[in-house]
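According to full-length UniProt numbering, the sequence shown is numbered sequentially starting from 1.
Backbone N, C-alpha and C fix where the C-beta goes; we use that ideal spot for every residue, glycine too.
Keep in mind that this is a model prediction, so the values were computed, not measured.
Just below is one structure, and these are the notes that go with it.
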Amino acid sequence: MASTSQNSVFEAAPAAESAGDMDKKTSASPTVFAPDDSTSSVRRGSIEQPYRTYRIRWLGLVVLTLLNIMVSWSWLTFAPVTSSTAKFYRVDETMVNWLSSIFLFANFAMTLATIWLLDWGLRPTLISGSALLLIGNWVRYAGSYSSDGNTVSVVAVAQALLGMSQSLVLSAPTRFSETWFTSKGRVTATAVMSLANPTGAAIGSIVVPLWTNNPSDISSVVLYVAIISSVVAIPGFFIPAAPPTPPSAIHHIERPKVLPSLRILIRSLECYLIIIPFWVYTGLFVATTSLINQIVTPYGFSDTQAGIGGGLLIVLGLIFSAITAPIIDRTKKFILVIKCGVVVGGLCYLALVWVPSTKEIGALYAVLCCIGISSLAIVPVVLEVLTEFSYPAGAEITSTTAWAGGQLLGGCFIILGNGMKAAQSADPPRNMKDFTVFQAVLAMAMIPLPLMLGLFGRSDQVALKRQVNSTAVHNLDYVNGETGLSIASFSTSQQFNAPRSDEESRRQYCFGTTKNQLHVTDFLQRNLDILTGESTCWLNRGVAGLRTELERNLTSTRRSDIQVPKCPINITSSGNTYLIDFTKNSYHVNTISKHLLIILTSIHVASMTLAFFIVYPIILIFSTLIALGELIERPLFKARVEKWQMILFCVFFLPLLAIGMLCGLTGMGSSDHFRTEHGIIGLVTAVLATLAVGVYLMENDLRPKISINRRWRRVHMMVNYTDIFICQAVLMLSGFALPDGIDDFQVMSLCGTSHISTSLSFSVGMMVAFVWNSAMAAMTLQWWLVRRVSEDKPPGKMSLLVSRIFRRNTDTCEDDG
1 MASTSQNSVF EAAPAAESAG DMDKKTSASP TVFAPDDSTS SVRRGSIEQP
51 YRTYRIRWLG LVVLTLLNIM VSWSWLTFAP VTSSTAKFYR VDETMVNWLS
101 SIFLFANFAM TLATIWLLDW GLRPTLISGS ALLLIGNWVR YAGSYSSDGN
151 TVSVVAVAQA LLGMSQSLVL SAPTRFSETW FTSKGRVTAT AVMSLANPTG
201 AAIGSIVVPL WTNNPSDISS VVLYVAIISS VVAIPGFFIP AAPPTPPSAI
251 HHIERPKVLP SLRILIRSLE CYLIIIPFWV YTGLFVATTS LINQIVTPYG
301 FSDTQAGIGG GLLIVLGLIF SAITAPIIDR TKKFILVIKC GVVVGGLCYL
351 ALVWVPSTKE IGALYAVLCC IGISSLAIVP VVLEVLTEFS YPAGAEITST
401 TAWAGGQLLG GCFIILGNGM KAAQSADPPR NMKDFTVFQA VLAMAMIPLP
451 LMLGLFGRSD QVALKRQVNS TAVHNLDYVN GETGLSIASF STSQQFNAPR
501 SDEESRRQYC FGTTKNQLHV TDFLQRNLDI LTGESTCWLN RGVAGLRTEL
551 ERNLTSTRRS DIQVPKCPIN ITSSGNTYLI DFTKNSYHVN TISKHLLIIL
601 TSIHVASMTL AFFIVYPIIL IFSTLIALGE LIERPLFKAR VEKWQMILFC
651 VFFLPLLAIG MLCGLTGMGS SDHFRTEHGI IGLVTAVLAT LAVGVYLMEN
701 DLRPKISINR RWRRVHMMVN YTDIFICQAV LMLSGFALPD GIDDFQVMSL
751 CGTSHISTSL SFSVGMMVAF VWNSAMAAMT LQWWLVRRVS EDKPPGKMSL
801 LVSRIFRRNT DTCEDDG
C-alpha cells in the first residue's frame, strides 16, 4: 500500500500486494510489532498500519445476537405447544416433531454452502442468513394464514428455509469475533453471539405457550414471530464486512483455503476428542429442548410448567455462561472447563431418567437447570478451543462443522424420541422413559473422550496455537533483508511469507515522482466528483474514457514528463471506492469487478422496479378493492382477491425484494454508500415496506374484533390509517429511489449505462408510472371514502351516490358471471 498525500484520497496499489502483505523495512525505519490486544500501530515503510478495534463492532455483535435469537425462536414456535399445533394444522404430533427435525436437517444440508460463504466473507453470509430468515417466516405465515385451507407442506418448506438461515447465522460468531475483536475479548464475544441461539429457544419456550390459549391462536403466533423477525433481519443486511484495519497482528497471516483447512481438522486427534462430545451434547440438548413438553406431561405436568422448565433449562445456562465467560476469557482454562462441563452434563442426563416420575416440580426444574448450565457454559469454550487446535484453519470451518454435526444429531434424536414413545396402555401412557435412558447412556459414554485431552504424551497438542503464533508474529525479524520469514512455532513446520516492496521505488515505477502522482490523482478525483455531481459522462465509457480524458489533460498542460499510471490506483468518491487499472483497461468498484457490478446492479434495478412499481401497487389496489367492497356492503370475491393478494406477496414481492436487496447490497460493497441519497431512500423504503406488511396483517387480525365494542373499532381505524399512510410513503419514496438508483448505476459503472435506449426507458417508465399512479389514486379514494362514511352516522348523499354506482357495476358483473 503506497502513501497518500494530505490533499488526496488516492493511493497506488501494487498488483501483487495482498491483505496480509508487509512491506520491506529499511534500517532507518525498523519493524515494530504491536501486541495482539493493543491499539498501537505497525510501521510498514512510511505508512502506519494501526492495530485497533472499532466501536461499530458492537453494532455487528448486537445484530448477530438478535439474528441468532430470532432464528432459534422461529424453530421453537411449534414444539412448546405440540397439541395445539397438531390440531390447527390437522396433523398428528409426529408431524409436529418432523417440523423441528426438518429445520435441523436443513441446517446440516447447508453446511458446505455455509463454509463457502464464510470463506467468501462475513457480509454475504449474514445477508443470505437475514434474507432466508425473512422469507422463511413469511412463507410460514402464508401456510398458517387461516384455519381454512392451511397447508402443513408450506410450513415444512418454510422450516427448511429457516434451518438454512440458522446454519449461516449460527456459524458466523467465531469468524466475526476473530475479525473484529482482540484475543482478550474473543471468547466473550463468541459467547454472547452463540448463546443468543439458546436464548431464542428459551423465549420461544416461555412466550409461545402464553400466546397460545387455543389452536386458532397458532396463526397469530406465527404472524407475531414473522413481524419481529422482519425487524431483526433488516439490520443484518448492513453489517460491515471487516474493520478498516485489523484488531491484531495475527490477521496479517494468510489462512489456508477450505480443503486444506478441512485436512487440518480431520488429522487432529484432539479435535475429535472435543467435537464428538460437542456433537452428541448439542444433539441431546436440542432434542431435550424440543421434546421436554412430551417428556414431562405424561407424568401430570402442564404445558405451562413444561414451557417454564424448558425456559429455565436455557436461561440459567445463559446466566451462568455470562458470568463465567469473561473469567474463562482471562484465565484461559479452556480444557478444565470442558472436562467439568461434560462430566456434570452426563450425570444430569442420568438423573433425568427418574426425576419426572417423582412428579416433583422443584426436582425437575433443578435437573433441567443443571443440564442447561453444563451444556451452555462449554459452548463458546468448545468453539474457541476447536479454532485454537485447528489453527491455522479458518474459524468458519470448525464452527460450521461443530454446529452442523450437533444439529444433525438433534434432528435424528427428535425422530428417535418420537419413535421410542411408550404405548397408550403403558403407565403412564405415551411416556418417554426409554428415550431418557437412551440420552443418559449417550451422555455418559462421552465423558471419557475430553478427559483424555493432554494424556499419553500429547500435552503439546493442547497448546493454544493461535495465541502462540500471535506472539510469534509480534516478534518477527527480517533475516538478511530477504523477503521471507519462518516461524518455528507454527504447527507442521509451515512457512508464511510476507512479500515486501519499497515505497519509493514503487511510486517511481507507477508515477515517476510524488509531484506527478499528485497531479494524476487530483485530476482523476475531479473527474469522478464531476461525474457524481453532474452526471456528465465522457465521450468513451469506462476506463477508456477516463484514460482519454487524462491523456487530453496531459497534452493540454504540456506535461510530457507525466505518464499514465502503470499500477492500479485506489480512488474514493461519494461513498464508492474504485480500483482503476489503466494497463488492463479494467476497474473494480467496492471490491466488485466491472462485469459483476453491471450484472448485480441490473438485477437489483429490475427486481426493485418490479417489486415496488408493479407488484406492490397491484397488492395495494387489491387491498383497496376489498375495502371498497366492504364499504358498499358487497364484498365481491373477497376470498379470491385475498388469495391472489397473498400469492403476489409471497411468490413475487418477497422474492423480488430479497433478490434486489441481496444484489444491491453485494454490489454496493461499502457501508459508506448509505450516506448517499439513493442509499438513504432505499433503506427507508425497505424498512417502511416491511413495516407496512406487519401493519396490514395486524389490521386483518383486528378485523374480527370490530363488532365487540367501539374501542376496537377505533383501534382498527387507527391501524388502517397508519397502513394507508405507510403505503403512500413507500410509493412516494420509491418514486425518488428509482432515478437516484439509475444515476448511481451510471456513476459506479463509469458511464457504462449510457447505451440504454431512451425510448425503451421512456416506455418502461410509462408502464410503471401507470400502475404506480393507479395505486396512489385508489388508496387516496379509499381513504377519502372511509373518512366520509361513518358507522355512527347515516350515509350522506355522496356515500349513497358512490354506493349506487358500485352496486350497479357489481350487479352487471354478477349477471355476466
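Can you tell which of the options has the C-alpha that lies nearest to the C-alpha of residue i?
| i | options | result |
| --- | --- | --- |
| Ser130 | Glu93, Ala172, Asp92 | Ala172 |
| Gly345 | Cys369, Pro326, Pro356, Gly136 | Cys369 |
| Ile293 | Gly121, Phe285, Thr304 | Note that residue 293 corresponds to Asn in the displayed sequence, not to Ile. The option with the nearest alpha carbon to Asn293 is Thr304. |
| Asp529 | Thr577, Met718, Asn107, Leu134 | Thr577 |
| Val564 | Ile603, Thr521, Tyr587, His595 | Thr521 |
| Gln159 | Thr179, Val71, Tyr587 | Val71 |
| Pro209 | Val81, Pro298, Pro215, Gly311 | Val81 |
| Leu648 | Trp138, Val91, Leu126 | Trp138 |
| Thr583 | His604, Gly143, Leu546, Asn214 | Leu546 |
| Trp180 | Ala440, Gly60, Ala426, Ala287 | Gly60 |
| Arg90 | Leu118, Ser144, Leu133 | Ser144 |
| Thr398 | Thr174, Thr151, Pro739 | Thr174 |
| Leu625 | Val589, Arg640, Ala686 | Arg640 |
| Trp98 | Gly419, Leu118, Cys727 | Gly419 |
| Cys727 | Thr182, Phe612, Gln746 | Phe612 |
| Phe334 | Phe105, Ile571, Leu383, Pro277 | Leu383 |
| Gly454 | Cys271, Arg541, Gly341 | Cys271 |
| Trp73 | Ser100, Glu642, Ala440, Ser84 | Ser100 |
| Asn214 | Pro277, Ser84, Thr297 | Ser84 |
| Val225 | Phe238, Gln645, Ile69, Pro448 | Ile69 |
| Cys412 | Gly121, Lys332, Ala113, Ile102 | Ile102 |
| Ser229 | Ile274, Ser425, Gln166 | Gln166 |
Starting from residue i, follow its DSSP beta bridges and name the residues at the other end.
| i | result |
| --- | --- |
| Val589 | Tyr578, Ile592 |
| Thr572 | Thr577 |
Could you give the first and the last residue of the continuous alpha helix (DSSP H) run that contains residue i?
| i | result |
| --- | --- |
| Arg123 | 122 to 142 |
| Ile203 | 196 to 211 |
| Pro565 | Premise fails: Pro565 is in no alpha helix (DSSP H) and is neither H nor E. |
| Cys370 | 361 to 376 |
| Asn97 | 93 to 109 |
| Val155 | 152 to 180 |
| Asp217 | It is not in any alpha helix (DSSP H) - Asp217 carries neither H nor E in the DSSP assignment. |
| Tyr89 | 82 to 89 |
| Cys340 | 334 to 351 |
| Met446 | 433 to 446 |
| Trp75 | 56 to 75 |
| Ala544 | 542 to 556 |
| Ser357 | 355 to 358 |
| Val615 | Segment: none, Val615 is in no alpha helix (DSSP H) and carries neither H nor E. |
| Ala429 | A small correction: the amino acid at residue 429 is Pro; Ala does not occupy that position in the sequence shown. Element bounds for Pro429: n/a, residue is neither H nor E. |
| residue 820 | The structure shown does not extend to residue 820, since the chain is modelled only from 1 to 817, so the question has no answer here. |
| Leu386 | 379 to 389 |
Am I right that residue i and residue j are in contact with their C-beta atoms under 8 Å? What's the rounded C-beta distance?
| i | j | result |
| --- | --- | --- |
| Leu64 | Val232 | With 8 Å as the limit, Leu64 and Val232 do not qualify as a contact, their Cβ atoms being about 10 Å apart. |
| Gly204 | Leu76 | 3 Å |
| Thr401 | Leu265 | 7 Å |
| Ala202 | Val315 | 5 Å |
| Val207 | Arg140 | Not really, about 17 Å apart at Cβ, beyond 8 Å. |
| Leu162 | Leu195 | Not quite, the Cβ-Cβ distance comes to about 19 Å (not below 8 Å), so this is no contact. |
| Gly406 | Gly283 | 5 Å |
| Ile274 | Ile371 | So it is not a contact: roughly 19 Å between Cβ atoms. |
Answer yes or no: does any C-beta atom of chain C fall closer than 8 Å to that of residue i?
| i | result |
| --- | --- |
| Trp279 | Here there is only one protein chain, and chain C is not present. |
Complete runs of the alpha helix (DSSP H) confined to the segment 256 to 324 [at least 4 residues] = 258 to 266, 269 to 296
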